[in-house]
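Heads up: the structure comes next, in structure tokens.
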Amino acid sequence: MPKRVIFTEKPDAAMNVATYLGIAERREGYYILKNGDIVSNGIGHLLNQGVPEDYMTEAQKNLRGFDQLPMLPSQFRHFPSPDKRKQLNILVKLFKEADIIVNAGDVDREGQYIFNETVAYAGIDPHGRDKPIERVLMTSFTDTALKAAFADVRKNGDATFVGQGHAGEARAEADWLIGMNGSRATKAAIKGFVEGGVSVGRVQTPTLGLVVTRELLIRNFKPVTFYVPQIKLPDGRILTWKGRIEGADMRGIDEEGRIIDRQVAEAIVARIQAGIAGLVTKFEESKREQDPPLPFSLGTLQSEISAKHGISAKHTKEATQDLYESKKMVSYLGTSCRYLPTAMHQEAPSILEGLSALYNKVAAGANPAFKYKCWDDSKVTVHYAIIPTGQIRGGLTENQQKIFDTISRRYMAQFYPKHQFKQSVLEARYGEDEFRSSWKETLVNGWKDVDQPADEDEQGTGDDQAAAPKMRMK
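So, in structure tokens, the structure goes:
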């Protein structure tokens, strides 16, 4: 029987796979399975692309500042990370002895690149020209998910995975080129003004630029006092001033259409109090319905958790990673996709049954017959949205509890009725001034009984219905 070596990106993943397949013996750096196969792992990247001096001639090394630039390696090389060399050597030996190598690394482009570079370092073509190399796509570590993954073995040389590997490699090389050249160029340009090193990066520098731009806007912000007349109708409805009709007197009103002269605002209030007649110019009433929001990608999950709980993106990712790898409670997190394969819709009853241990009433109220737009094969590649697996584990941290609750509620919302409401808009004119009010009336709460997104308008009766004086000052 051919000997297979199964590679995972991280130790926890290797343990989960080996446990599922059946461990016969645990050795340093790998597991021997009952059928003789082996499961081993990386520790993230085991290799790096080195430093500029690794690519320089002796003459270049003697140059300084801009004279060294640009640094453009004709061929990037891979160097063992000193603290991970031992595990790398174990993998190289196992890969060379294997009859078949199985890539069970993470399913994103980075995971594909990590496997490819490690196998290539062992002198083996990662696309299967030297020996068979298979690809297994694991999206969670439940027994059901692992069974499905190992029943659908593909070739690591398939075009999809080749493209993913190239994308990961290109990103790594771009990071090196921008980081190394940019950092040294910046240091040379500001020499004498800043002590120590300067770090420039493909992602970090534009992000820092956004932060600095925002900070400068805040520092340079000049507050403007403006006034907003309001009318309280006999039924309690509030009409809010929204502007003046075309051709009207615009004195006291700035370019953004705000009343900045208090006397102008007071004059509007006085005219209305004196009995000027109002004319309804628009009234619309429509029934609307709203699908549940899509399940989460990593980015949208981080935004939601930050808005709801004030947890940073970094801590959200770390907690979700543990929910995925150690707890097996959520699916793969490194995804930018917010859709689900249609075939996974049939798993809904079992996932909801699992969630009922924590969400008895909510899970019992879910109807698996509902099938909204999140189930769309055309928008799913090897990734899909982050969802619960149906498994429940104890010992969660506070952050993990909040994140799991958010993911689970978004998933269960997919099996509740649409949110239905009546939207009303009233507009009126008093002389040259136009007023507006809008409000909502919930007809069927639907999925909002389960999930309350942070980015939803949750003001209930409408955006103009706060208790209001005759004039507001902002």
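Following the working numbering, the residues of the sequence shown are numbered contiguously, the last one being 1687.
Virtual Cβ for every residue (Gly too), placed ideally from N, Cα, C.
**OP:** Tell me, please, which residues DSSP counts as bridged to residue 1640.
**Re:** Beta-bridge pairing links residue 1640 to 1495, 1649.
Original post:
How many angstroms separate the CA atom of residue 1283 from the CA atom of residue 1474?
Top reply: About 58 Å.
Subject >> alpha helix (DSSP H) runs wholly inside the segment 1556-1627, at least 4 long, in chain order >> reply: You should have 1561-1568, 1573-1578, 1611-1626.
**OP:** Measure from the alpha carbon of residue 1360 to the alpha carbon of each residue in 1295, 1521, 1465, 1233, then state which is nearest.
**Re:** Out of 1295, 1521, 1465, 1233, 1233 has the C-alpha closest to the C-alpha of residue 1360.
Original post:
So what does DSSP say about residue 1672, is it helix, strand or coil?
Top reply: In this prediction, residue 1672 has a pLDDT of 35, which is less than 50 and means its spatial position is unreliable; what the coordinates show is noted afterwards. Three-state result, residue 1672: coil.
**OP:** Could you tell me which residues DSSP pairs with residue 1254 in its beta bridges?
**Re:** Paired residue(s): 1221.
Original post:
Near residue 1499, what residues of its chain come up, given a Cβ to Cβ distance below 6 Å and the 5 sequence neighbours on each side ignored?
Top reply: If you ignore the 5 residues before and after residue 1499, its C-beta comes within less than 6 Å of the C-beta of 1636, all in its own chain and listed in chain order.
Subject >> Span of the alpha helix (DSSP H) around residue 1385 >> reply: 1372-1402 is the extent of the alpha helix (DSSP H) around residue 1385.
Original post:
Between which two residues does the beta strand (DSSP E) containing residue 1452 stretch?
Top reply: 1451-1457 is the extent of the beta strand (DSSP E) around residue 1452.
Original post:
CA-CA distance, residue 1598 and residue 1441?
Top reply: Each residue's Cα considered, the two are about 44 Å apart.
Original post:
Name the DSSP bridge partner or partners of residue 1634?
Top reply: Here residue 1634 is bridged, per DSSP, to 1501, 1655.
Subject >> Residue interval of the alpha helix (DSSP H) (run including residue 1301) >> reply: Here the alpha helix (DSSP H) through residue 1301 covers 1298-1310.
**OP:** Please state if the CB of residue 1616 and the CB of residue 1732 are separated by a distance shorter than 9 Å.
**Re:** The structure shown does not extend to residue 1732, since the chain is modelled only from 1214 to 1687, so the question has no answer here.
**OP:** Give the single residue among 1340, 1454, 1625 whose Cα lies nearest to the Cα of residue 1313.
**Re:** Comparing Cα positions, the closest option is 1340.
Subject >> Helix, strand or coil at residue 1487 according to DSSP, with G and I counted as helix >> reply: DSSP places residue 1487 in coil when its eight states are reduced to three.
Subject >> Cβ-based neighbour list, residue 1586, same chain, cut-off 7 Å, excluding 5 preceding and 5 following >> reply: Cβ within range, chain order: 1504.
Original post:
Is it the case that the Cβ atoms of residue 1336 and residue 1309 are separated by a distance below 9 Å?
Top reply: A Cβ-Cβ contact shorter than 9 Å links residue 1336 with residue 1309.
Subject >> Distance CB(residue 1242)-CB(residue 1220) smaller than 9 Å >> reply: No.
Subject >> Cross-strand partners of residue 1293 (DSSP beta bridge) >> reply: Per DSSP, 1260.
Original post:
Out of curiosity, what's the CA-to-CA distance linking residue 1673 and residue 1653?
Top reply: Note that residue 1673 scores a pLDDT of 39, beneath 50, so its modelled location is shaky; the value from the coordinates is reported in the next line. Approximately 7 Å between the Cα atoms of the pair.
Subject >> Beta-bridge pairing of residue 1347 - partner residues as DSSP gives them >> reply: Note: residue 1347 sits in a beta bridge opposite 1315, 1368.
**OP:** Provide the residue span of the beta strand (DSSP E) that contains residue 1238, from first to last.
**Re:** That run of the beta strand (DSSP E) goes 1236-1240.
**OP:** Rounded to whole angstroms, what's the CA-CA distance from residue 1527 to residue 1511? Just pull it up for me.
**Re:** For residue 1527 and residue 1511, the gap between their C-alpha atoms comes out near 11 Å.
Original post:
Which residue's Cα is closest to the Cα of residue 1262: 1321, 1507, 1331?
Top reply: Measuring from the Cα of residue 1262, the nearest candidate turns out to be 1331.
Original post:
Which stretch, first to last residue, makes up the beta strand (DSSP E) that contains residue 1327?
Top reply: That residue, residue 1327, is in no beta strand (DSSP E); its alpha helix (DSSP H) goes 1322-1334.
Original post:
Taking DSSP as the reference, what is the three-state secondary structure of residue 1246?
Top reply: Secondary structure of residue 1246 (DSSP, three-state): strand.
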